[in-house]
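Residue numbering for the sequence shown follows my numbering, beginning at 24 and increasing consecutively.
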Amino acid sequence: MSAPIPTRLGVHLAGDGIEVAVLAPHAEAIDLCLFDAAPDGGWSERRIRLDGPELGVFSARVPGVGAGQRYGLRAHGPWDPVNGLRYNPAKLLVDPYAVGLTGELGYGPETYGHRVDDTLAGDPYGPADDRDSAAHVPHGVVLDLRQDPEADPTGNRPRVPWADTVVYEAHVRGLTARHPEIPAEERGTYAALGHPALIQHLQRLGVTAVELLPVHACAPEPHLVDRGMTNYWGYNTLGFFAPDPRWASAAARAAGPAAVLAELRTAVHRLHQAGIEVLLDVVYNHTSEGGLGGQHVSLRGLDSAVYYLHDGGHPAALADVTGCGNSLDFRRTEVVRLALDSLRFWVQQVGVDGFRFDLAVTLGRGHTGFDPDHPFLVATATDPVLQGIKLIAEPWDLGPGGWRTGQFPPPWSEWNDKFRNSARSFWLADPARATHGDAGHRVRDLATRLSGSVDLFGHTDPPLLRGTRSSVNYVTAHDGFTLADLVAYEHKHNEANGEGNRDGTDDNRSWNHGVEGPVEATAVAADILPIRRRSIRNLLGTLLLSAGTPMLTAGDEMGRTQHGNNNAYCQDGELSWLPWELSPWRQDLLATARHLTALRRAHPALRGQAFYTGRPVGADQLPDLSWYDPQGEPFTHDRWHDGDLRTLQMLRVHGEDRALLVLNGSLEPQSVTLAPGGRWQLAWDSAWEHPDDARSAAIEGELHPGGPVLMEPLSLRLYTH
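Below, the structure is given as structure tokens:
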């Protein structure tokens, strides 16, 4: 009787050896290649032919193999690129299920399945290349996934409710590479994520979840390697299970992949101990193998026709809906399984609390385009391992019908790009236009964003099911200007990327306040510095005091600048790393950010999860949401369409708690009669450089409804009851 097929894909320890299972439906044979150190300092290779296929899976049980074994795969089959089949056994393939990787990817002709010259030019439909690639690609490493139960990151999850969640998007290296209180050998590594100095910063800032830019094993694009650069952000996945060793400490890298994984697990455990969740930005929409003429490293060699989306033409060509040369084909059960298995691994083995899915529309594309009932989306909502895990979509890709904000099903939340655009337009682009006498946007769109974007996320069955938590509000992210650069630059300055400043978006909706770039405090134009700082505070306040789930970009709370670079994906250096030595104004900004998150925590009216209905609530039977004009009168239909109106009041009620947000988006001071609702306490004013400036505003500490207050130009206030 033959042995049963292993139920798990990949390579796993089992008894006195390993179980191996590889999915490659169009292949004729698969070899497992085991590498052992040779006397000459190189590696000897032993090949084992796997059994099968059965249901497209090749498998074997191999005795005598233990943890630490290096391995790869070779796939046999037709070399028929015209029909999408690219089998070339000369090329060692990275197991897509490898949980540990060692070695660097080379960028010479050896890593291409078709023949290329020394400039890497060649015909992707031409003959196969017969040079062996084993010395030019990473090797998988068999790992023992057991861990110390005392440091188990799956056992101490904070499970922070969505209503209390404040997300902090950060890069592993950039977050701590310059931190003076972290030992030099740990800066910029997984280990530093769990350092007390960083955890203290996150806790004082009010962060409940750190969202890490990709930590999956990544390979830079060849055009970056040619320029001596790297893919710093990591959105170019080589392996969906292995942590990228670049972000591990030197000691962990030297000890091998098991130590790299252990270092990341320990960091997650320590963040959990501090009550902070860990979310991963994951890239399942494409891989690092690039377009049709790209490298032959993993999925392309195992089964390009199954794993990659093709355009249906002849000769076979890839359909690119990601802008990265290839797209994974989520119409295929095999691809859906790969992504789900990866998610389960990071949840069960590393303790991850949630995911942000890059270009998530690609993951929901069926035969007729994006489908909210796509099997992958249904599976993530129903898989028992993923229950309670935070799922966040970047709700667009570059394919037809690619913008889908608001169209993902529960329990997904989504990045809200309309919030970003509306906040930037109201506080920056519109005032910039007003300085030239031009009209800006009306306040109605901003009001919709402030109240949770029900127009985007309220269309469910039954209606309003998802709630405001579904809107992940942000003003900045890893791509685009930093918060400080939004108020100092009107044009991108990406020359350092080596792409002629053609990369990065031109739709920044920023305002330099009259001078492009930095302005010294002693310069003639120094009078614009206070209003720049206020504009930062306006955006920060809008983000943290709105309904929805706020996401801060690391460093924005400290005024980090990238000197106008709005696409620093290849900048692994001080341009992208957080500065921790803060000038006085940056210290004031950090204090403001802490004050705003504290206000959010203290007031349920600022973080309710349900969409507003306008119905009475609480003992006083005030509406849960109401809007007032500068005269303290309820908004009328005509007022919502008044293009000259730039001042409004938003009153939210949750039980007995009340919060009144007053916005003056005009270039002139405005007298405002506060909305009815009781005696208002001024909790924060964006005109304050530091929250302690409230002491000088004690005269406005308590106000009767109807009492006029004078608001500074371009300012934002929060009153509480």
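Heads up, the beta-carbon is just placed ideally off N, CA and C, and yes, glycines get one too.
Of the candidates A452, G637 and D526, the residue whose Cα lies closest to the Cα of Y512 is A452. Bridge partners of N496 according to DSSP: N439 and P573. The DSSP-derived three-state label of W650 is strand.
For L361, same chain residues with a beta-carbon under 7 Å away, outside a window of 5 residues either side, are P119 and F263 in chain order.
Taking the CA atoms as reference points, Y213 sits about 5 Å from L287. Cβ-Cβ separation between R196 and D304: approximately 14 Å, too far for a contact (criterion under 8 Å). Here the alpha carbons of R70 and D54 stand approximately 6 Å from one another. When the alpha-carbon of V43 is set against those of W66, Q92 and A328, the nearest one is in Q92.
Under the three-state reduction of DSSP output, P147 falls in the coil class, being neither helix nor strand. With a cutoff of 8 Å on beta-carbon distance, R138 and P150 are scored as near each other. The straight-line gap separating the alpha-carbon atoms of P206 and S476 is approximately 44 Å. Across the structure, L115 and H159 are spaced so that their CA atoms are roughly 9 Å apart. The Cβ-Cβ distance between F449 and H464 falls below 8 Å.
Here H660 is exposed. Its C-beta has fewer than 16 other C-beta atoms within 10 Å.
Cα atoms of G313 and P181: separation of roughly 38 Å, rounded to the nearest angstrom. Q672 and S709 have their C-alpha atoms roughly 15 Å apart. Comparing alpha carbon positions, the residue from Q704, G75 and A60 closest to E68 is A60. By the 16-neighbour rule on beta-carbons within 10 angstroms, D396 is exposed. Judged by their CB atoms, S474 and Y651 are not nearer to each other than the 8 Å cut-off. When the beta-carbon positions are compared, G700 and P627 stay at least 8 Å from each other. When the beta-carbon positions are compared, L648 and V466 stay at least 8 Å from each other. In this structure, L228 keeps its C-beta atom at 8 Å or more from the C-beta atom of H194. Annotation for L302: the continuous beta strand (DSSP E) segment containing it runs E300 to V305.
Note that the C-beta distance between G40 and R84 is below 8 Å. By the Cβ-count criterion, T142 is exposed, with fewer than 16 other Cβ atoms from all chains shown falling within 10 Å of its own Cβ.
Secondary structure of S272 (DSSP, three-state): coil. Ranking D146, T134 and A90 by CA distance to the CA of G123 puts A90 first. Here V165 really is in contact with V88; their C-beta atoms are around 7 Å apart, less than 8 Å. Comparing C-alpha distances from D167 to each of E597, D376, A285 and D334 shows the shortest one belongs to A285.
By the criterion of a C-beta distance shorter than 8 Å, G279 is surrounded in its chain by G91, G123, T125 and V164, once the five residues flanking it on both sides are discounted.
Taking the CA atoms as reference points, H292 sits about 20 Å from E204.
For Q693, the enclosing beta strand (DSSP E) has its first and last residue at Q693 to T696. Within the same chain, and ignoring the five residues on either side of Q372 in sequence, the residues whose Cβ sits closer than 7 Å to its Cβ are L168. Cα atoms of G387 and E357: separation of roughly 14 Å, rounded to the nearest angstrom. With the rule of 3 Cβ pairs closer than 8 Å, the region 551-560 does not count as touching the region 483-491.
Within the same chain, and ignoring the five residues on either side of T289 in sequence, the residues whose Cβ sits closer than 7 Å to its Cβ are A174 and G217.
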